[in-house]
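Student: My questions all concern the structure below.
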Ligand code: SF4
Ligand code: SF4
């Protein structure tokens, strides 16, 4: 099924895609988002707009996406299951589509315990796999989640999901990825990869099942600013594996930030050679300005043009 | 069974601050088993409140009673005479008991002494854990007898999420990931393929979100 997503066109025509992430601010101005959008516009094919990442209240992902579109960049709206029931999800996504959003990333969302509203009542009315399935059905069969027909103008999103090769149980991770593909995911962005060995094993299992032929997998990378940041991810973020040698390398570096960028570029170069990987997703958390350099020096610039 | 925990005594005292005489009603049901609202706890609470008020120079009179169950009208009928002579009733039952007393004695000030928390069971002496979210449409046959609605922090029906690591949930190293437990059990049962089926969205209309629920057994109804 073709959508109007540029990202889809690019991936379907066999290009190695580059996406990045923009985190909306904790205030009501779009100034920063627009600044980052202008900066990234020629270097990436689309940007994810996080949906109240780590359950912290931020400018809405859909509103941010409209600013990004306005700057000439293609947004990927993230939709979590944490904050909305199926009525709100459908309503917001119809709205997003009407505003020109063409890419959707479905995820369960971080638990509110981690955010700035830990006493909030969460929703989790449906889970991410159900969201993928229902959105796919909305588009391809023109049915609301309830099964009621959508008479006209169904939202035709290019539908994505996430996969975490570093969470447990490891053996089930590929099966769950397949389940997401089965539900209707067309592109997958992975959790940040630091443990290359484990990711290679994951991709091997993906290829064994032929999943890479049914879905576009974009490998997640994150440039680290310091060994402390690496240590934090290693010890305090569930579902992450950061090998000690990365922590050590940053510790020994004279200029840790430079080293972080170097490591990220090496990772991308490595990832480009892993069969079945169709792109990279750069999550430079609060460090968006290094993305152009990373893209350029990884040999991924200029970005291909599609109609 | 229902697990409840007594509110801090200062909170209970504040709810009856302007009363001279109160009736404390314990319940011999669930809250006795979880050691929070039985006869013993009722007596202890009564005496603590009296001591507290005596120290404040504003003595409180208490009457105590423990109902067989507060969630059955026939057992609170017996309170009729006791309720008459007091300014307030402090119920040590779950929220149902408090509501039943308030409903039966509608001109009386009735307050809860407990925080009714969840439906669970004991996992060790003195430890209770939530096991069921009373969703009204049990799916334990699909999840190896482990409830993802309540034991998974995100109520995921197609888990585990990306936060599951080393068998623990992303919210805390002290919380087991329900989906790891489900995976392990289904694997041991040779039923992993069942986990590959996409579980449909849940029909929450059978749960709390559908309004107050009712269960009717016509065969035992009288009249
Ligand atoms: S599935 Fe529903 S009824 Fe069954 S244990 Fe879980 S919450 Fe309770
Ligand atoms: S880590 Fe496990 S229990 Fe926690 S939210 Fe994810 S799937 Fe549920």
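Chains as they are written, first to last, in the UniProt record's numbering: chain A, 1 to 307; chain B, 1 to 223. Backbone N, C-alpha and C fix where the C-beta goes; we use that ideal spot for every residue, glycine too.
By DSSP's criteria, residue 124 of chain B is part of a beta bridge. Which residues make up the other side?
Tutor: Answer is B/127.
Student: May I have the straight-line CA-CA distance separating residue 273 of chain A from residue 220 of chain A, to the nearest angstrom?
Tutor: About 15 Å.
Student: Compare the beta carbon distance of residue 57 of chain A and residue 75 of chain A with 8 Å and say whether it is the shorter of the two.
Tutor: Cβ atoms of residue 57 of chain A and residue 75 of chain A: not closer than 8 Å.
Student: Which whole-angstrom value is the C-beta distance of residue 242 of chain A and residue 233 of chain A, which I expect to be below 8 Å?
Tutor: Going by Cβ atoms, the distance from residue 242 of chain A to residue 233 of chain A rounds to 5 Å, so yes, they are a contact pair.
Student: Could you tell me whether the segment 34–41 of chain A touches the segment 175–192 of chain A, where touching means 3 or more Cβ pairs closer than 8 Å?
Tutor: Cβ pair count under 8 Å is below three, so no.
Student: May I ask you to list the residues that DSSP assigns as paired with residue 224 of chain B?
Tutor: In the structure as shown, chain B starts at 1 and stops at 223, and residue 224 of chain B therefore has no counterpart that could be examined.
Student: Around the C-beta of residue 123 of chain B, are 16 or more other C-beta atoms found within 10 angstroms, so that it is buried, or is it exposed?
Tutor: Exposed is the call here.
Student: Nearest chain D C-beta to residue 86 of chain A closer than 8 Å, yes or no?
Tutor: In the structure shown, chain D does not exist; the protein chains are A and B.
Student: Whole angstroms is fine: what's the gap from residue 190 of chain B's alpha carbon to residue 145 of chain B's?
Tutor: Whole-angstrom Cα-Cα distance: 14 Å.
Student: Taking DSSP as the reference, what is the three-state secondary structure of residue 231 of chain A?
Tutor: If DSSP states are grouped into helix, strand and coil, residue 231 of chain A belongs with the helices.
Student: Specify, as a first and last residue, the run of the alpha helix (DSSP H) that residue 105 of chain B falls within.
Tutor: Where residue 105 of chain B is concerned, there is no enclosing alpha helix (DSSP H), given that its DSSP letter is neither H nor E.
Student: With C-beta atoms as the reference, is residue 138 of chain A less than 8 Å away from residue 118 of chain A?
Tutor: No, these two residues do not count as a Cβ contact at 8 Å.
Student: Should residue 114 of chain B and residue 31 of chain B be called a contact, given that it needs their Cβ atoms to be closer than 8 Å?
Tutor: Yes, they are a contact pair.
Student: So is the beta-carbon of residue 126 of chain A under 7 Å away from any non-hydrogen atom of ligand 2?
Tutor: No, the beta carbon of residue 126 of chain A sits no closer than 7 Å to any heavy atom of ligand 2.
Student: Could you name the residues, in chain order, whose CB is less than 6 Å away from a heavy atom belonging to ligand 1?
Tutor: Those satisfying the condition are, in chain order, B/132, B/133, B/134, B/135, B/138, B/139, B/140, B/147, B/149 and B/150.
Student: Report the neighbours of residue 196 of chain B on chain A: residues whose CB is nearer than 9 Å to its CB, in chain order.
Tutor: Those are 175, 176, 178, 179 and 182, listed as they occur along chain A.
Student: Determine which residues share a DSSP beta bridge with residue 114 of chain A and list them.
Tutor: In DSSP, residue 114 of chain A forms no bridge with anything.
Student: Measuring straight from C-alpha to C-alpha, what distance separates residue 145 of chain A and residue 183 of chain A?
Tutor: Going from the Cα of residue 145 of chain A to the Cα of residue 183 of chain A covers about 14 Å.
Student: Quick one: which chain A residues come within Cβ less than 7 Å of residue 133 of chain B?
Tutor: In chain order: nothing, as chain A lies at least about 11 Å away.
Student: Can residue 175 of chain A be considered in contact with ligand 2, in the sense that its beta carbon sits closer than 7 Å to one or more heavy atoms?
Tutor: Checking every heavy atom of ligand 2 against the Cβ of residue 175 of chain A, none is found closer than 7 Å.
Student: Select from A/231, A/196, A/190 and A/264 the residue whose C-alpha is nearest the C-alpha of residue 216 of chain A.
Tutor: Nearest of A/231, A/196, A/190 and A/264 to residue 216 of chain A, Cα basis: A/190.
Student: Is residue 266 of chain A close to ligand 2? I mean its beta-carbon at under 7 Å from any heavy atom of the ligand.
Tutor: Because no heavy atom of ligand 2 lies under 7 Å away, the Cβ of residue 266 of chain A does not count as near it: no.
Student: Helix, strand or coil for residue 166 of chain B per DSSP?
Tutor: In this structure, residue 166 of chain B counts as coil in the three-state DSSP scheme.
Student: Apart from the five residues just before and just after residue 120 of chain B, which ones in its own chain have a Cβ nearer than 6 Å to its Cβ?
Tutor: Result list for residue 120 of chain B: 3, 128, 129, 130 and 131, in chain order.
Student: With distances taken from CA atoms, which of A/1, A/6 and A/2 is nearest residue 304 of chain A?
Tutor: The option with the nearest alpha carbon to residue 304 of chain A is A/6.
Student: Ends of the beta strand (DSSP E) at residue 76 of chain A?
Tutor: Residues 75–80.
Student: Along chain B, which residues have their Cβ under 8 Å away from the Cβ of residue 167 of chain A?
Tutor: Result: 160, 161, 162, 163, 164 and 165.
Student: For a contact meaning CB atoms closer than 9 Å, what does residue 171 of chain B contact in chain A?
Tutor: Neighbours of residue 171 of chain B on chain A, chain order: 111, 113, 114 and 238.
Student: Nearest CA to the CA of residue 98 of chain B: which residue from B/73, B/85, B/118 and B/82?
Tutor: The option with the nearest alpha carbon to residue 98 of chain B is B/73.
Student: Would you say residue 24 of chain B and residue 175 of chain A are within 8 Å of each other, going by their C-beta atoms?
Tutor: Taking 8 Å as the Cβ cut-off, residue 24 of chain B and residue 175 of chain A do not qualify as a contacting pair.
Student: Closer than 9 Å, Cβ to Cβ, to anything on chain A: give me those residues from the segment 178–212 of chain B, in chain order.
Tutor: Listed by position, the residues of the segment 178–212 of chain B near chain A (Cβ gap below 9 Å) are 179, 180, 183, 184, 187, 192, 195, 196, 197, 198, 199, 200, 201, 202, 204 and 209.
Student: Straight-line CA distance for residue 14 of chain B to residue 79 of chain B?
Tutor: Taking the straight line from one Cα to the other gives about 23 Å.
Student: In angstroms with no decimal places, state the Cα-to-Cα distance between residue 301 of chain A and residue 14 of chain A.
Tutor: Residue 301 of chain A and residue 14 of chain A: Cα-Cα distance of roughly 16 Å.
Student: Cβ closer than 7 Å: which chain B residues qualify as neighbours of residue 164 of chain A?
Tutor: Simply 162.
Student: Against chain B, with Cβ distances strictly below 8 Å, would residue 51 of chain A count as a contact?
Tutor: Not one chain B Cβ lies under 8 Å of residue 51 of chain A.
Student: Is it true that the segment 64–80 of chain A meets the segment 95–114 of chain A, where meeting means three or more beta-carbon pairs spaced less than 8 Å apart?
Tutor: As far as the Cβ criterion goes, the segment 64–80 of chain A touches the segment 95–114 of chain A, which means the pair count is three or higher.
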